[in-house]
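A.B. asks: The sequence shown maps to residues 1 to 376 in the UniProt record's numbering.
We put the CB at the ideal spot given by N, CA and C, even for glycine.
Owing to the predicted nature of the structure, the values given are computational and were not obtained by experimental measurement.
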Amino acid sequence: MPRKGSSRKSSRDCLVCGGETSVAHLSIDLCRACAIFYRRCASKRPTHCRANSNQCPTGKGLNCKKCRFDWIERFTGQKHESETLMVPSAEVSTVIVATPHRSPIENVPDLGQPLLERLRTQYRSMCHTRLMSESYARGGAPHPLRLNIDDPPTYPANYQSMQAGTQILLGSLLEFGNTIFPEFQGIDEREKWDIVTEFFYRFRTFEGFHRANDRFPENTQRFLPNYTSYLGPEVFFAFLDTMPPNADLQGAIQYVTSSKLRRADTEAGRKILARFNPHHEEFLAVIALMFWSIDRLIVRPEVTALAEKYTNQIMRELHAYYRDVRKLDDYATRLGELLMFIPIFDVKEKCKEHYEMLRLLNIFDDNTFIYRLQRE
């Protein structure tokens, strides 16, 4: 008889170290060595990453104790018994031990519906809001019967549509957070705005590449920064015509042709997603994990605990999805690749550099919404 907490299975790869295992320890495809390592480190978790990145990948090359422990926690959806919370500061994460208390954000009842199902419903609702808002902000919108989120109209982006689309998306993401995660409504406004703006950069790039793969499979240089407008090399000069009259057009041409945000980045990002070809449930899981990727933010312990709660919940539902819906036994590699989308699409700093350059070229001014956003 297998021991309690273990189930006998055919040989497969450990989700964390890539070693071979025939037993699922801690209720997941985890080898005995990783299970023993996790239990031994539970009372004093490793705090230093060998690569100083906190993002060492899973697999046979994983020799970082901190990242090994973090991956096990992430895969199992467990917290060690001391309930130590990592609260980021401006320079270094400070370790504090949580004391029992009740917070307003903890007193929200469970909605009683799987998180993936709520994500499916509310993401569709958010898409409808963006479709309608962007269409009417553009002017000359089609008849409402022609505004279909399963086949939305798309147009070449211009300066005005980019500004409007950014504000519409941020408003939609705030409502998305309030609806999907009920405790989010009780968070301090400053923390709420920080979480959503941190999420914004990852989400817009990840979703924009993913939707472009579906919408423009043959044109790998296009990107959908908004729900109804796309950017691509063929749009560039028409886009210049819509910029402010005092913009440095010659400087803009020189900058864009040599920018880090060049067409090769779009092609590379789209290629990564096309190769993985995420199912809709996987796409939804990634955006939920991105929403709560708040390691760089200075937030209260209650908010950190809330992020852990929803990260753990989505990981449990992902395991169930792979095993019960997809009927996959060996999904370690796929799950590892899915989780790597979070650091891969972390483009905030690159975007901030880009927006500063656009300000120097007078394409943005101090009152441009997206420029103000990255300076807050």
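Quick check: what's the CA-CA separation for W193 versus Q185?
C.D. replies: Distance between the alpha carbons of W193 and Q185 is about 11 Å.
A.B. asks: Determine the direct distance from the alpha carbon of Q221 to that of R275, and round the result to whole angstroms.
C.D. replies: Rounded to the nearest angstrom, the two C-alpha atoms are 16 Å apart.
A.B. asks: In whole angstroms, give me the CA-to-CA distance for D150 and E189.
C.D. replies: Approximately 33 Å between the Cα atoms of the pair.
A.B. asks: For the putative contact between N63 and R50, defined by C-beta atoms under 8 Å, what is the C-beta separation to the nearest angstrom?
C.D. replies: That pair is a contact at about 7 Å.
A.B. asks: Among K348, D295, A307, which one has its Cα closest to the Cα of P182?
C.D. replies: Nearest of K348, D295, A307 to P182, Cα basis: A307.
A.B. asks: Leaving out the 5 sequence neighbours to the left and right, which residues in its chain are closer than 6 Å to T205 when beta-carbon positions are compared?
C.D. replies: Result list for T205: F345, V347, in chain order.
A.B. asks: By Cβ distance, which residues of its chain are closer than 6 Å to E191, with the 5 residues on each side in sequence left out?
C.D. replies: Contacts found: V299, V303.
A.B. asks: Looking at the structure shown, is Y38 part of a helix, part of a strand, or coil, going by DSSP?
C.D. replies: Note: Y38 maps to helix in three-state DSSP.
A.B. asks: Measuring alpha carbon to alpha carbon, tell me which residue in Q254, N362, E267, P244 is nearest E218.
C.D. replies: Minimum Cα distance to E218 is reached at E267.
A.B. asks: Compute the distance between the beta-carbons of L289 and L116, then report whether it is under 7 Å.
C.D. replies: Going by C-beta atoms, L289 is not nearer than 7 Å to L116.
A.B. asks: Let me confirm a value: G232 is counted as buried when at least 16 other C-beta atoms fall within 10 Å, else exposed. Which label applies?
C.D. replies: Its Cβ being crowded by 16 or more others within 10 Å, G232 is buried.
A.B. asks: If the criterion is Cβ atoms closer than 7 Å, does the pair L172 and T129 meet it?
C.D. replies: Contrary to the premise, residue 172 reads as Ser rather than Leu in this sequence. Yes, Cβ-Cβ distance for S172 and T129 is below 7 Å.
A.B. asks: Which partner residues does T21 have in the DSSP bridge list?
C.D. replies: Its beta-bridge partners are R12.
A.B. asks: Determine the contact status of S258 and A157, defining contact as a CB-CB distance below 7 Å.
C.D. replies: Against a cut-off of 7 Å, the Cβ pair of A157 and S258 comes out as no contact.
A.B. asks: I need the boundaries of the alpha helix (DSSP H) containing E175, first residue and last residue.
C.D. replies: Per DSSP, E175 belongs to the alpha helix (DSSP H) from 159-180.
A.B. asks: Starting from the C-beta of S293, find all residues in its chain whose C-beta is less than 6 Å away, skip the five residues before and the five after it, and write them out in chain order.
C.D. replies: Here the set comprises I342.
A.B. asks: Terminal residues of the continuous alpha helix (DSSP H) containing E134?
C.D. replies: Per DSSP, E134 belongs to the alpha helix (DSSP H) from 115-138.
A.B. asks: Who pairs with P156 in a beta bridge, going by DSSP?
C.D. replies: According to DSSP, P156 bridges with Y230.
A.B. asks: Taking contact to mean at least 3 C-beta pairs separated by less than 8 Å, is the stretch 247-254 in contact with the stretch 317-332?
C.D. replies: Taking 8 Å as the limit for Cβ pairs, the verdict is that the stretch 317-332 does not touch the stretch 247-254.
A.B. asks: At what residues does the alpha helix (DSSP H) containing D214 begin and finish?
C.D. replies: Where D214 is concerned, the enclosing alpha helix (DSSP H) stretches over 189-215.
A.B. asks: Would F209 pass as a contact of G269 if the rule is Cβ separation under 7 Å?
C.D. replies: Yes, they are a contact pair.
A.B. asks: Leaving out five residues before and five after M126 in sequence, what residues of the same chain have Cβ atoms less than 8 Å from its Cβ?
C.D. replies: Only S172, L173, E175, F176 meet the Cβ criterion.
A.B. asks: Please report how far the alpha carbon of K65 lies from the alpha carbon of G19, in whole angstroms.
C.D. replies: Distance between the alpha carbons of K65 and G19: 16 Å.
A.B. asks: What is the DSSP secondary structure of F223, reduced to helix, strand or coil?
C.D. replies: In this structure, F223 counts as strand in the three-state DSSP scheme.
A.B. asks: Please go through the same chain and pick out, in chain order, the residues whose beta-carbon is closer than 8 Å to the beta-carbon of I28, but skip the five residues on each side of it.
C.D. replies: These residues qualify, in order along the chain: L15, F75, T76, H319.
A.B. asks: Distance, Cα to Cα, R118 vs T179?
C.D. replies: Rounded to whole angstroms, R118 to T179 spans 9 Å at the Cα level.
A.B. asks: Between the beta-carbon of L361 and the beta-carbon of D241, is there less than 7 Å?
C.D. replies: Going by C-beta atoms, L361 is not nearer than 7 Å to D241.
A.B. asks: With a 10 Å radius around its C-beta and 16 neighbouring C-beta atoms as the bar for buried, classify N148 as buried or exposed.
C.D. replies: With fewer than 16 Cβ atoms within 10 Å of its Cβ, N148 is classed as exposed.
A.B. asks: For Q374, which residues of its own chain have a beta-carbon under 6 Å away from its beta-carbon, when the five flanking residues on both sides are left out?
C.D. replies: So the qualifying residues of the chain are K352, Y355.
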